[in-house]
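One structure below.
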Amino acid sequence: MKLVIVALLLGAMLLAISQSSANSVSARRGLNNLQFHLSADTYAELRKAPEKAVNRANPLENDPEAVTAGKLLFEDHCAECHGDDAKGGRKAPSLRVSEVRNATPGTLFWLLTNGVVRKKMPAWSKLPEPQRWQLVRFLKSPEIVRAAPADNATNP
Amino acid sequence: MLYKEISLNHVRISLVAALVLIFPVLCCPLKAQENPYFVTYSHNLEEPGNLEVEYFSTFGTQRTGNNFHSYWTEFEYGVKAWWTSEFYLDAQTTFHDSTVYTGFKWENRFRVLKHEHWINPVLYAEFEDTNGADKTLKEIVGHDTEADFTDTNGEARREHKREIELKLILSSNTKGWNFSENIIAEKNLSNEPWEFGYALAASRPLALKASAKRCNFCRQNFILGAELYGGLGDRHSFGLRDTSHYLAPVAGWNLPSGWTLRLSPGFGLNDNSHKFLLRWGVSREITGFDRILRQLFGAKS
C-alpha cells in the first residue's frame, strides 16, 4: 500500500520534472526560437476563426470600465504565460504584435473561448462571455496596441 | 481512551491537511475562477502548469449508526491544456468510533475536442485503492445506500477495494451558466459487476461582468448552483430500485486572494439516502507550479 503511494508520488514528480526539463532544453535552444514556434502556432490559429466569429462586435465597446476590468482579468488569468506586460514568456507568445492588433475583437473572443488546447493555450469558456469581452477590450486598448510594431513581429 | 485516540488521529490528519494548505499561502499568488461543485465535473480543466490544492469535508447523518465526518485532500495538476491529473488522499472520523485513513485515488481527465461546442465531452478515468470505511461519497453508484455505512470502522476497513471508475463528462457554458452531466461506470477489480451512477449540475455567478477594482464581496465572485446525483444500479439490475439520490444546493466564493470556499448542504431524496450531508471545502490554485519546480531545481526563470 505504502509502496503504491510512493510509486504514484514518484510518478507525479517525474512527470513534473520531465515537463520542466523539457522546458529547460527548449530554454537552452534559445527563448527566441521557442517564442517563434509558440507565436507561429498561436497566431496561425487566429486565421482559423470562422467568418461569423470574426465579424462579431464587442458588446462592451462603449463600456468605460471594460479596459480596467479586462486588465485585472489579464493579470489574474493570462499574465503567468503571456507576461505581466503581455510581451510574451516561456510558455506563450507576445500579444503586443501586429497579428493581435489587426485581429478583429470577434477573432480574439473566438480564440479566448476555444483556446489552442493542443498548444498549451487553455479554453477560457469558463469565464462568462462579458469577462472575455472585457479581456478583448484590454487587448485592443492603446496600452497594448500602441506597443505593437506595424509589421509582422513573429520573427525572432 | 478511545476518544483520546480519535482526537489524536484527527489532530494529526488535520495538521497534515493544514500544512498542505499553508504551503500555497507561503509560496505564491493566484486568482481562482472555480465552479462550486463537489460531485459533478464540468469540462473546465486545470490550466497547464498550475496546481490546485484542495481540502474537502463531508459531514453525514446516519439514522442507524453513528454520524461521520469524512475529508479528503486533492492535488490537481494541469499537465496539458487537454489533460488534467488529480491525486486524492481520503480519511474519515466516525463519531463514537474512530478516525481512519481510507485510501487514495488517482484520476485523469482528457478533453476530447479541440474547440468549444454546444456540449463538450471530457473522458475521465480513475483508479481507487480504498478500504470499506471510505465515506467520502464523492460519487454515488450502483446500490450505494445509507445501510452500507453501519459497520464499525474496525470491521469496514478490513474490506480492501481496488476499483476503476470511468466517466463521460458532458458540459456546456452558455450565457454565464454552466450545465454539467456526468455518466458514471465503476468496477471493483475483484469479481463484481459494473455499477452505474449519474451527476447533474448547474451553476451561475451572481454577476457576469468583472468589476474594475479588486473586491472580496463583488457579485462576480459568488457562484450559486445545485447538484443532483445518485446511483443507477449495476449490470444485473440497472435502474432506480434500491438506489440512493441527493439534491444539493452549492455555493462558491472565489476570493481575489486566490482562495475558493465552497459550501453545500445536501438532502437525501429517498429512504436509502443519508438524510443530510453537509459539504464544505477550501482550495487554492498555484499558478506556474511547473515554473516554481524548475526554479527549485535550479533552472533560470
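Quick mapping for you: the protein sequence lines, in order, are chains L and X.
In this text, residue positions in the first sequence follow my numbering: the first is 881, and each later residue adds one.
In this text, residue positions in the second sequence follow my numbering: the first is 140, and each later residue adds one.
For each residue, glycine too, the CB sits at the ideal point set by N, CA and C.
Predicted model, so just to flag it, every value in this text is computed and none were measured.
Name the chain L residues that come within less than 8 angstroms of X:L184, Cβ to Cβ? P1002
If you drop the 5 nearest sequence neighbours on each side, which residues of the same chain put their C-beta closer than 7 angstroms to that of X:T233? N205, F207, N292
What residues of chain X sit near L:A949, judged by a beta carbon separation below 9 angstroms? K348, A349, S350, A351, K352
Could you compute how far the alpha carbon of L:L952 sits from the alpha carbon of L:P1010? 14 angstroms
Within-8 angstroms CB hit, X:C166 to chain L: For X:C166, the predicted model reports a pLDDT of 46, less than 50, meaning its position is unreliable; a value from the coordinates is still stated below. Not an interface residue.
Can you give me, in chain order, the residues of the segment 980-998 of chain L that have a beta carbon less than 7 angstroms from any beta carbon in chain X? T993, N994, G995, V997, R998
Nearest to X:S224 by alpha carbon, out of X:S319, X:H413, X:W245? X:W245
What is the residue span of the beta strand (DSSP E) that X:R248 lies within? 238-250
Beta-carbon proximity list for X:F406, same chain, < 6 angstroms, skipping 5 on both sides: L386
Distance, L:C958 Cα to X:T382 Cα: 44 angstroms
On the criterion of 16 or more Cβ atoms from any shown chain inside 10 Å, does X:S329 qualify as buried, or is it exposed? exposed
What residue does the beta strand (DSSP E) around L:K951 start on, and which one ends it? Per DSSP, L:K951 belongs to no beta strand (DSSP E); it is in the alpha helix (DSSP H), 946-957.
Could you pull out every residue in the same chain whose Cβ sits closer than 6 angstroms to the Cβ of X:T275, ignoring the five residues on either side in sequence? S209, W211, D229
Of the listed residues X:T284, X:P175, X:T200, X:H235, nearest to X:N409 (C-alpha basis): X:T284
Which of the residues in the segment 1002-1024 of chain L, read from start to end, lie with their CB under 8 angstroms from any CB of chain X? P1002, A1003, S1005, K1006, L1007, P1008, E1009, P1010, Q1011, Q1014
Exposed unless 16 or more other CB atoms sit within 10 angstroms - verdict on X:G437: exposed
Could you pull the start and end residues of the beta strand (DSSP E) that X:F406 belongs to? 398-407
Range covered by the beta strand (DSSP E) that runs through X:D373: 361-373
If you compare alpha carbons, which of L:W1004, L:W1013, L:R1017 is closest to X:N312? L:W1004
Indicate the three-state DSSP secondary structure (helix, strand or coil) for X:K300 in the structure shown. strand
What does the alpha-carbon distance come out to for the pair X:G420 and L:E979? 42 angstroms
Answer yes or no: do X:N321 and X:A338 have a C-beta to C-beta separation smaller than 8 angstroms? yes
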